[in-house]
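Engineer:
What follows is the structure, given as structure tokens:
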């Protein structure tokens, strides 16, 4: 890489004596250059040696990472190799380089080949590494080390013929504690190499598949977390550098959080000697400024093209929000003033000038009333837009328009403002709700009145409506009891569904009962139920809702299902007893424990296969309970309670049983210990009693400890 060093003219006058400044070559200078230079002692040789290999062979080189079995770091490229003369006059000399006349190669400082010293010169003050050059059938093997005076030296170890392809190989031993550090350095550094080297051992370094959010000339924006870096980076050749935005004059659009990789031509950026950071001279700043501006212009142009391709303002807003979701509010708002859709500003929420808006989400079946709300513009991207001027019989009109269950943006405005409101929304396709005419019942008698009703919708759900009802026709009705709620400062409605019901129930319980009746085929969608007040007298053939349904629902109840294990599962059985149930039979256990164990295993199997799913009988029982109808369930004992009680009785007789069974088991192998202790305890219990009743059987301390 051309270093871009300027030639300076000597313009001093009146000079009496010229004293040239010279660098003293000593161990101090060498240490400062190679060990004190690099912050990252592992990353430095990884990057420099890999860059040298990339310069001469591009992707045709190998990186062998250290392992526990072979703690050696090695790089082998298949470039041209170096002659003996080049090794002595270039490789062995710091700051000697053949790359300064071209911008096709990244190197140029002439010290990258000595970068292993940064890692090898440790507390011991010494280190060595191996270099092998394969050049036109000749193999030259060297070792770079430190002489007694602390200066580097290169010794030729071998000179002979070879059939290996041309190239260079550099290797050195690695401390075992640093093995993972070399793998991490490879992940962070070699990601930006294109093409990448072959890395050994296979699978030692893996990268996620990068997720590209957008890209343009000389830049690519990635999803955070899909690449091994954070914030903006610039790549020159194969090496990737972070850059300080405070050093670059920009519009402020690019942010420290943006995961953007820029590509700069080789030679257009200056770097510090260790190549770990950029050197912010005028050339570097100019290059970065140009790249950032190119990114900003390209990003805005791409965003504008995507937004322009949208068919509606809502779709344009969805695209805009998706493309700018990682930019933050300030930059997003700045873009809103730059990027529009057909002359309309893409606002975060829809304008409600001269109108009101409500939303109905996908799958809706009912609504209590129109509720004016704020709507995010992108929400309406896949919604049907409905406009209404005469707000009456709205639900019936939605049914006629076949919009029930669909995602709807519901707009209400006066007809005078219709065109202005639709223009502000980008003139989308709309459904005029007013065009659906709901038939008005002709009042042929004085019995037709506006009354509160409940209508059955899909699935048996209920919709409260006020509508015309012919009181002379008769039908189903419920009785309403307003109940003042002191805590909420309002009232909740409660209902009675049959004549013998003593306590009123909530609307949600009414709906639960009707949903069960609907499932059993006792009521249909569209059924209108009259709601009357407690003191209101209704003439005609009106029947309480549940009067004719109670018996058919009662017939669905199968009391034979209400066994002791009804709706029970393994979760209802003590976990310690579950563990015992899974154990094999104990040969030496007392007879009563054996019988208990058999019964426990039988119960476990029943619970394991028992279904807790609600049956028609369960649903019918729950529905009747809601309206206060009792069903006599058989008085059956719960086997789980019985088995637990038997266990407690056994624990009272066998003193160590409870302590062993209820021992905490955090790991699976401890269950094996529990089995062993139970077997040993039962073996002790099975021993014959002493002949003399006054003589106590003595157990060893170890036996008692193990039993406990």
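Residue numbers (the working numbering): 461 to 1168.
Just so it is clear, CB atoms sit at the ideal spot from N, CA and C, and this is done for glycine as well.
The structure presented is a predicted model; accordingly, all values stated were derived computationally and were not measured.
1) For residue 524, which beta-bridge partners are listed by DSSP?
2) Where does residue 510 land, buried or exposed, given buried means 16+ other C-beta within 10 angstroms?
3) Give me the Cβ distance between residue 749 and residue 710, rounded to the nearest whole Å; I'm assuming they're in contact under 8 Å.
4) With three or more C-beta pairs closer than 8 Å as the rule, is the stretch 1083-1103 touching the stretch 956-966?
5) Can you tell me where the beta strand (DSSP E) with residue 632 in it begins and where it stops?
6) Between which two residues does the beta strand (DSSP E) holding residue 620 run?
7) Classify residue 831: buried if its beta carbon has 16 or more other beta carbons within 10 angstroms, exposed otherwise.
8) Looking at C-alpha atoms only, which residue of 571, 545, 588, 507 is the closest neighbour of residue 595?
9) With a floor of 3 residues, list each beta strand (DSSP E) that falls wholly inside the stretch 635-691, ordered by position along the chain.
10) Can you tell me whether residue 994 is buried or exposed? The criterion is at least 16 other CB atoms within 10 Å of its CB, across all chains shown.
11) According to the neighbour-count rule (16 or more other Cβ atoms, all chains shown, within 10 Å of its Cβ), is residue 477 buried or exposed?
12) Rounded to the nearest angstrom, how far is the Cβ of residue 836 from that of residue 809, given a contact under 8 Å?
13) If you follow the beta strand (DSSP E) that residue 601 is in, where does it begin and where does it stop?
14) Can you tell me whether residue 851 is helix, strand or coil according to DSSP?
15) With 16 other CB atoms within 10 Å as the buried threshold, where does residue 549 fall?
16) I'd like the span of the beta strand (DSSP E) that includes residue 722, first residue to last.
17) In angstroms with no decimal places, state the Cα-to-Cα distance between residue 1020 and residue 1037.
18) In terms of residues, what are the limits of the beta strand (DSSP E) holding residue 592?
19) So, helix, strand or coil for residue 505, using DSSP?
20) Pull the bridge partners of residue 695 from the DSSP assignment, please.
21) When you compare only the Cα positions, how much space is there between residue 1135 and residue 1035?
22) Just how far apart, CA to CA, sit residue 904 and residue 803?
23) Does the distance from the CB of residue 937 to the CB of residue 998 come in under 8 Å?
24) Mapping the DSSP letters down to three states, classify residue 923 as helix, strand or coil.
25) What number of angstroms, rounded off, separates the C-alpha of residue 917 from the C-alpha of residue 767?
26) On the premise that residue 703 lies in contact with residue 738, defined as a C-beta separation below 8 Å, what is that separation, rounded to the nearest angstrom?
27) Answer with buried or exposed for residue 951, where buried requires no fewer than 16 other C-beta atoms within 10 angstroms of its C-beta.
28) May I ask which residues mark the beginning and end of the alpha helix (DSSP H) holding residue 779?
29) Just to confirm my understanding: we take residue 745, look at its own chain, exclude 5 residues before and 5 after, and list those with CB closer than 8 Å. What are they?
30) Per DSSP, what kind of secondary structure is residue 892 in: helix, strand or coil?
31) With DSSP as the reference, identify every bridge partner of residue 542, one or two as the case may be.
32) What does residue 914 pair with, by DSSP beta-bridge criteria?
33) Identify which residue in 758, 885, 973, 542 has its Cα closest to the Cα of residue 516.
34) Could you check which residue in 764, 932, 529, 1105 has the C-alpha nearest to that of residue 1002?
35) Would you call residue 929 buried or exposed, if buried means 16 or more other Cβ atoms sit within 10 Å of its Cβ?
36) With which residues is residue 935 paired in a DSSP beta bridge?
Structural biologist: By the coordinates alone:
1) Within the chain shown, numbered from 1, the residue matching residue 524 stands at position 64. Beta-bridge pairing links residue 524 to 534, 660.
2) As a first step, residue 510 must be located in the chain shown, where it is residue number 50. Note on residue 510: 16 or more other CB atoms within 10 angstroms of its CB, so buried under the neighbour-count rule.
3) Looking up residue 749 in the chain shown gives position 289. Looking up residue 710 in the chain shown gives position 250. Right, their Cβ atoms sit about 7 Å apart.
4) yes
5) To locate residue 632, count along the chain shown from 1; it is residue 172. Element bounds for residue 632: 627-633.
6) By one-based count along the chain shown, residue 620 stands at place 160. Looking at the DSSP string, the run of the beta strand (DSSP E) that includes residue 620 is 612-621.
7) Residue 831 sits at position 371 when you count from the first residue of the chain shown. By the neighbour-count rule (16 or more Cβ atoms within 10 Å), residue 831 is not buried but exposed.
8) As a working note, residue 595 is residue 135 in the chain shown. That would be 545, whose Cα lies nearest to the Cα of residue 595.
9) 658-660, 672-676, 679-682
10) In the chain shown, counting from the first residue as 1, residue 994 sits at position 534. Exposed, by the Cβ-count rule.
11) Along the chain shown, read from residue 1 onward, the residue named residue 477 stands at position 17. By the neighbour-count rule (16 or more Cβ atoms within 10 Å), residue 477 is not buried but exposed.
12) Position 376 of the chain shown, counting from 1, holds the residue named residue 836. Position 349 of the chain shown, counting from 1, holds the residue named residue 809. Indeed they touch by this definition, with Cβ atoms about 6 Å apart.
13) For the purposes of this step, residue 601 is taken as residue 141 along the chain shown, with counting starting at 1. Here the beta strand (DSSP E) through residue 601 covers 598-606.
14) Position 391 of the chain shown holds residue 851. Reduced to three states, the DSSP call for residue 851 is coil.
15) Along the chain shown, read from residue 1 onward, the residue named residue 549 stands at position 89. By the 10 Å Cβ count, residue 549 comes out exposed.
16) The sequence position of residue 722 within the chain shown is 262, counting from 1. Per DSSP, residue 722 belongs to the beta strand (DSSP E) from 720-724.
17) Counted from its first residue, the chain shown places residue 1020 at position 560. Counted from its first residue, the chain shown places residue 1037 at position 577. Roughly 28 Å between the two C-alpha positions.
18) The sequence position of residue 592 within the chain shown is 132, counting from 1. 589-595 is the span of the beta strand (DSSP E), which, as asked, contains residue 592.
19) For the purposes of this step, residue 505 is taken as the residue at position 45 of the chain shown. The answer is helix: DSSP assigns residue 505 an H, G or I state.
20) Start at 1 with the first residue of the chain shown, and residue 695 comes out as number 235. DSSP output for residue 695 lists 700, 723 as bridge partner(s).
21) Position 675 of the chain shown, counted from the first residue, corresponds to residue 1135. Position 575 of the chain shown, counted from the first residue, corresponds to residue 1035. The alpha-carbon separation between residue 1135 and residue 1035 amounts to approximately 15 Å.
22) As a position in the chain shown, residue 904 is number 444, starting the count at 1. As a position in the chain shown, residue 803 is number 343, starting the count at 1. Any reading at residue 904 must be qualified, since the residue scores a pLDDT of 44, below 50, and its modelled position is unreliable; the value itself is stated next. Straight-line Cα distance between these residues: approximately 56 Å.
23) Here residue 937 corresponds to residue number 477 of the chain shown, with the count starting at 1. Here residue 998 corresponds to residue number 538 of the chain shown, with the count starting at 1. Yes, the pair counts as a contact, with Cβ atoms nearer than the cut-off.
24) Counting from one through the chain shown, the residue named residue 923 turns up at place 463. In the structure shown, residue 923 sits in a strand (DSSP, three-state: E or B).
25) On the chain shown, position 457 is the one that residue 917 refers to. On the chain shown, position 307 is the one that residue 767 refers to. Whole-angstrom Cα-Cα distance: 40 Å.
26) To locate residue 738, count along the chain shown from 1; it is residue 278. To locate residue 703, count along the chain shown from 1; it is residue 243. The pair is a contact, with the Cβ atoms about 5 Å apart (cut-off 8 Å).
27) The residue given as residue 951 occupies position 491 in the chain shown. Bear in mind that a pLDDT of 47 at residue 951, under 50, signals an unreliable position, so the model cannot answer this.
28) The residue given as residue 779 occupies position 319 in the chain shown. Where residue 779 is concerned, the enclosing alpha helix (DSSP H) stretches over 773-783.
29) By 1-based counting over the chain shown, the position of residue 745 is 285. Beyond the five residues adjoining it in sequence on each side, residue 745 comes within less than 8 Å, by CB distance, of 707, 708, 709 in the same chain, given in chain order.
30) In the chain shown, counting from the first residue as 1, residue 892 sits at position 432. Residue 892: strand per DSSP, three-state reduction.
31) Within the chain shown, the letter at position 82 stands for residue 542. Beta-bridge pairing links residue 542 to no other residue.
32) Position 454 of the chain shown, counted from the first residue, corresponds to residue 914. The secondary-structure analysis by DSSP pairs residue 914 across a beta bridge with 924, 989.
33) Counting from one through the chain shown, the residue named residue 516 turns up at place 56. Checked all of 758, 885, 973, 542; the closest Cα to residue 516 is 542.
34) As a first step, residue 1002 must be located in the chain shown, where it is residue number 542. The option with the nearest alpha carbon to residue 1002 is 932.
35) Translated into positions along the chain shown, residue 929 becomes position 469. It is buried - the Cβ of residue 929 has at least 16 other Cβ atoms within 10 Å.
36) Along the chain shown, read from residue 1 onward, the residue named residue 935 stands at position 475. In the DSSP output, where bridge partners are listed per residue, residue 935 has 1002.
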